[in-house]
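Let me begin by presenting the structure, written as structure tokens, before commenting on it.
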Amino acid sequence: PYDLRIVDLSKGEQKTPEYKAINPKGKVAALVRHDGSVLTEFSAIAMWLSMTYPDKRLMPTDSEGIVRTIEMLDFIVGTVHMLSWRMWRRPDAYSDDPTGQELLRMRGKTAMLNALDLVDTHLIGKDYLMGEFSVADAALYYNEFWAVDVAGWNLPKNVQAHYERMKTRPSVQSSREIEGVT
-7 PYDLRIVDLS KGEQKTPEYK AINPKGKVAA LVRHDGSVLT EFSAIAMWLS
43 MTYPDKRLMP TDSEGIVRTI EMLDFIVGTV HMLSWRMWRR PDAYSDDPTG
93 QELLRMRGKT AMLNALDLVD THLIGKDYLM GEFSVADAAL YYNEFWAVDV
143 AGWNLPKNVQ AHYERMKTRP SVQSSREIEG VT
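Everything in the sequence shown is counted per my numbering, starting at -7 for the first residue and increasing by one.
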């Protein structure tokens, strides 16, 4: 059981004193655990969930599978999301110059699509990034969602198939319903 709180980034709710009392970084995500301690950063939360709920099979159990999942998770969170997506979505965070912002948006999109091409190659012959569902697929899903449903981009073939497959998962359907996405 959990208590979900939606943080509306478009309204700057992540910058409010109430939210910063939970996560002083002023960004999502944050997970308040049963003991009251707080975890932030997608990768840390994903790792904690995998270790705390091993029956959910969010992470492979062999050492090679674990490190390969972490490797892919870092690539998706660090390159696809933080570098590429943020540059495209928030160029004003890097430049006050409108011309510079447009250049950043173009570079962000190019970097994102190049990164997704690498992921596409990795997905050849697989339903999920590690063969079976893992936390890396959850990280990829939210980037696929933004690319398709927010930016209106076309995904590479295997990444698009992954996105469609992810949308059939009950947990994804539930989150889409909560967020009002059809």
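The beta carbon of each residue, even a glycine, is placed where N, CA and C say it ideally should be.
Inter-segment contact for the segment 56 to 63 and the segment 74 to 92 is absent: fewer than three beta-carbon pairs are separated by less than 8 Å. Residue burial is scored here from C-beta neighbours: MET39 has at least 16 other C-beta atoms within 10 angstroms and is therefore classed as buried. Around the beta carbon of HIS73, a 10 Å sphere encloses 16 or more other beta carbons of the protein chains shown; the residue is thus reported as buried. A direct Cα-Cα distance of roughly 7 Å separates LEU147 from VAL140. Taking PHE137 as the centre and dropping the five residues before and after it, the same chain places the C-beta of TYR155, VAL173 closer than 8 Å to its C-beta, in chain order. DSSP, reduced to helix, strand and coil, places THR32 within a strand of the structure shown.
The shortest C-alpha to C-alpha distance from LEU50 to any of ALA130, LEU108, MET158 is the one to ALA130. Along the segment 8 to 91, the beta strand (DSSP E) occurs as fully enclosed runs of 3 or more residues at 22 to 24, 30 to 32, listed in sequence order. Around the C-beta of LEU132, 16 or more other C-beta atoms lie within 10 Å, and the residue is accordingly described as buried.
In this structure, the alpha-carbon of VAL(-1) lies about 17 Å from that of SER166.
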